[in-house]
Amino acid sequence: MKGGQRRARVLRTASVVGLVILAGCSDETSTSTPEPVDDTAYYSGGETTIFNATSQAFTFPAPNVAQVDRHFDGDLAFDVAFIAAGGTVHSGLGPVFNDNACVACHISNGRGRSESGGVVGSLLLRASVPGTDPHGGPMPAPGFGGQLNDQAVFGTVPEVRVRVTYDVVTRSFEDGTTYELHPPRYELVDTYVPLPAGMLLSPRIGLPVFGRGLLEAVPEETILALADENDADEDGISGRPNWVWDVLAEGVALGRFGWKANQPSLVQQAAAAYRNDMGITNPLFPTESTTEQEQHDGLADDPEISLETVELSAFYTQTLAVPARRNIHDETVRRGERLFEEAKCVWCHVARLETGPEAVDASLENQVIHPYSDLLLHDMGEELADGRPDFVATGSEWRTPPLWGLGLVRTVQGEVNLLHDGRAKSILEAVMWHGGEAEGSREVVRGMTREERAALVAFLESL
Amino acid sequence: MNSRLTQRNALRNGATRRPGPRILGLATSIAFSLPLFLTAIGCSDDDKPTSPTAETDFAPVLTDFAEHVVVGTYDDLAASAARLVARAEELEQDPTQARLDAVATAWLETRAPWESSEAFLFGPVAFLSIDPSLDSWPVDRQQLSDVLASQLELTKDTVAEGLGPALRGFHAAEYLVFQDGLVRDVAELTQRELEYLVATSQVMADDAALLRDSWTGSYAEQFRRAGQSGSPYVTQRDAVLEIVEGMIGICDEVANGKIADPFDEQDTRLVESQFSWNSLTDFQNNIRSVKNAYTGGYHLGSDGTGLDEFVKEADESLDARVKSEIDAAIAAVGAIPEPFRNNLDRASEIEAAQSAIDDLRDTLELLVKPLLVSL
């Protein structure tokens, strides 16, 4: 086993056949509904859409990818499992790290595991102390940097081990039905040096990696036009862009990626993950996270990978296919979609965006996509807050996560663990965690009948 | 790193193994045949002599695949891994050459069901990251030697929790037991190595048992009940596709990863199972797992209800083609001289094997998959 699956350099035209049949056959029974659903709604990723609802759904190249070879070269780069410095191949891991391969935290290109045997799975904790770094980002925590690394190469001590337990909170819908929420409780043990005072922590779980090239290709002005920073229209929903540091451009840029939209590009996102998650230094982040710490390896092997490698693995994610929706003609699904709109969920989970005329691959250009995100920051309330600012994002703001592929999460990784720390064990739990700007929408859902809630979930599972 | 990658890319781009037009031709013919295809199976009109359409019941296939092929393979894996532990413990108690040979045999007997499971690397093996835990490559020999030279107590727990996936599993055990295709001289094994071998075998046995139990506990049921509530598969067709994607995936992995990586770079370090010289057997077992997944069979004489029966009913020649391409792929891998790591210059045999596996993959991807989706 070497990371995830490889893909032959054959584009998957065959899957398109599956779609046409789906569209043409099994859903015909619902043609009696008054407003026929446009079949283009299947195409969540425009022409990058793939029709596949298996556990491999997030692993296909976009069927229209132009630079085919580059995608597959990127696949190889993304698949690599690293070993410690001094090893024969793919060396440079650590000295401290969270895991040794991209796929370890993006299972089948999807999410990570939040918990495993009482300790965190592929979830990690961002760390900082109050204040900002020279570029306005979080101030690294002395001795730990911007992230707690809970693994280490032999001879080096993991910075910390993180235990996690979940409490149970029982609440009710208006019809009296109860539901449970599971707030996590993290305990840091075996810290290699004492934790600095006032440390701020933010748990983050790996996000699915497909469709990101499309989000990157959405013009900045489109995203900014969705923003309503001071809630000028007084609808209770603001939506703010994050403005972050672009390492290559050496300037401030719009943040688009990560749970707090703190990365401006997929190349930088990938480079940061290489360095922060695996201890693989690269031209964007050329020093080990342990630099100036007790456990610095002192090796003159940095950067451990080239910019080309970073760009290749980023290109792989940029040009992955987006899985098509399912069951869009189903009446319950359609009812759920209307409820989703009526509850104003779509105000942040924006259903339709268009990409611009220029992107890293022609497949991404001028696409109509359905990510169900505005890529903006929203205050999600105290219960979800991490209390750790990240550039412009406050301690209670999170980027609207895209919802495409939501209904395949369990198929792809065997469990549902939604939200930034994987605390929500079902889609409905995730909905009921919403607070802050989304409180009104959540209360609409609280007031729904059992059938309405089921329809809402059926819609979300069709994404 | 950079120069090697650039080199590899140059090789990759320069040495196109597959004649592009042929692939394109096949793909295009499917694309062009799509309208016809639709007409043939369009189901809205009752007057069409439609093929089975939505009523096709794949439950027997899903059941035999889950309970026969997958659980059968994992049963063997768990049992043989437990034997590996027993042999390793016996070796540690009294390190004789005969006992080391017995460990080597047990390793090979554990390796076979694992490689025969790689056509279905989905479900718990992926969800629980058991694949990297059991079968990470390369072994981190540098770190392993540091661990062996240290005072760290070598137990199942320290290996499982304190050391990463590159320091355990099949290849760590293989590294301790084999050298240059032979079982090592028992006199060379240090006490620390013996302890490590026991500990890492114990972790392997735990992983294998977890894998088997995850399927027998609930996942086999979830899989078999595709299309019903409680299953992660909305339709039976999705579960059928899962089987096919797994078959395609391992063909890809063998032809374009396990063989191509070391061959393209002419780098023996990239060859998996190179200490035991078991690589070609691994690859053949991988293709045998494709056969098992396709036919619903595991072990000779226990053929179950497989996808082959549905393919055969719809297109007898396609079924025959799949089966003959499976056999041809196994034979072509077998035609590469042993051991693979010492024969990376045998381009004609290696390319022939890649080509045979790619043919099978193309057939599965471009013909079998669309056919099954249409049923």
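So the sequences go chain by chain: A and B. First residue of the first sequence: 1, per the numbering used here; consecutive thereafter. First residue of the second sequence: 1001, per the numbering used here; consecutive thereafter. Glycine included, C-beta positions come from ideal geometry on N, C-alpha and C. Values in this document were obtained by computation on a predicted structure and should not be read as measured data.
Take the alpha-carbon of residue 1337 of chain B and the one of residue 1346 of chain B: they are about 8 Å apart. The C-beta of residue 1140 of chain B comes closer than 8 Å to at least one C-beta of chain A. About 40 Å separates the CB atoms of residue 294 of chain A and residue 168 of chain A; that is not less than 8 Å, and the two are not in contact. Nearest to residue 1287 of chain B by alpha-carbon distance, out of B/1199, B/1146, B/1332, B/1237, is B/1332.
For the options A/360, A/402, A/384, the alpha carbon positioned closest to that of residue 434 of chain A is the one of A/384. Proximity of residue 295 of chain A to chain B, defined by a Cβ-Cβ separation below 8 Å, is not satisfied.
Judged by DSSP secondary structure, residue 255 of chain A falls outside any alpha helix (DSSP H) and instead within the beta strand (DSSP E) spanning 251–255. Among the residues facing chain A, residue 1147 of chain B is included, as its CB has a counterpart in that chain under 8 Å away. Taking one beta carbon from each stretch, the stretch 1097–1110 of chain B and the stretch 1139–1148 of chain B have fewer than 3 pairs nearer than 8 Å; the two do not touch. Between the alpha carbons of residue 1148 of chain B and residue 1196 of chain B lies a distance of about 8 Å. Taking a cut-off of 8 Å for Cβ pairs, the stretch 1168–1175 of chain B and the stretch 1272–1290 of chain B touch, as three or more such pairs fall below it. Contact of residue 1164 of chain B with chain A is assigned, a C-beta pair being separated by under 8 Å. For residue 245 of chain A, the enclosing beta strand (DSSP E) covers residues 242–246. At the C-beta level, residue 94 of chain A and residue 368 of chain A stay beyond 8 Å of one another. Neighbours of residue 410 of chain A in chain B, taken as residues whose beta carbon is under 8 Å from its own, are 1232 in chain order.
Below the 8 Å Cβ cutoff, chain B contributes no neighbours of residue 405 of chain A, its closest Cβ being approximately 13 Å away. Per DSSP, the unbroken alpha helix (DSSP H) holding residue 71 of chain A starts and ends at 68–79. Judged by beta-carbon spacing, residue 1298 of chain B lies beyond the 8 Å limit of residue 1085 of chain B, meaning their Cβ atoms are not closer than that value. Following the DSSP letters along the chain, one finds residue 1345 of chain B in no beta strand (DSSP E), marked with neither H nor E. By the criterion of a C-beta distance shorter than 6 Å, residue 91 of chain A is surrounded in its chain by 83, 85, once the five residues flanking it on both sides are discounted. With contacts defined by Cβ atoms closer than 8 Å, residue 190 of chain A and residue 161 of chain A form a contacting pair.
Within chain A, the residues 89 have their CB atoms less than 8 Å from the CB of residue 1270 of chain B, given in chain order. Scanning its chain for C-beta atoms nearer than 6 Å, with the 5 sequence neighbours on each side dropped, one finds around residue 307 of chain A the residues 283, in chain order. The beta carbons of residue 1120 of chain B and residue 1246 of chain B sit about 5 Å from each other, so the pair counts as a contact at 8 Å. A/49 is the residue among A/49, A/53, A/73 whose C-alpha sits nearest the C-alpha of residue 62 of chain A. Taken in chain order, the members of the stretch 38–57 of chain A whose beta-carbon sits within less than 7 Å of a beta-carbon on chain B are 52, 53, 54, 55, 56.
Under the 10 Å beta carbon count, residue 109 of chain A is surrounded by 16 or more other beta carbons and is classified as buried.
Put simply, the stretch 262–278 of chain A touches the stretch 96–112 of chain A. At least three CB pairs are less than 8 Å apart. Under a criterion of Cβ atoms nearer than 8 Å, the residues of chain A adjacent to residue 1124 of chain B are, in order, 414. Put simply, the CB of residue 98 of chain A is far from chain B, with every gap to its CB atoms at 8 Å or more. A check of alpha carbon separations from residue 319 of chain A across A/55, A/171, A/53, A/60 identifies A/60 as the nearest.
Pairing residue 114 of chain A with residue 440 of chain A gives a Cβ-Cβ distance that is not under 8 Å.
In the three-state reduction of the DSSP assignment, residue 223 of chain A falls in the helix class, which pools H, G and I.
Between residue 1135 of chain B and residue 1169 of chain B, the alpha-carbon positions lie close to 6 Å from each other. Looking at the DSSP output, residue 369 of chain A sits in a beta bridge with A/353. Chain order gives no chain B residues near residue 80 of chain A, where near means a beta carbon separation below 9 Å; the closest approach is about 10 Å.
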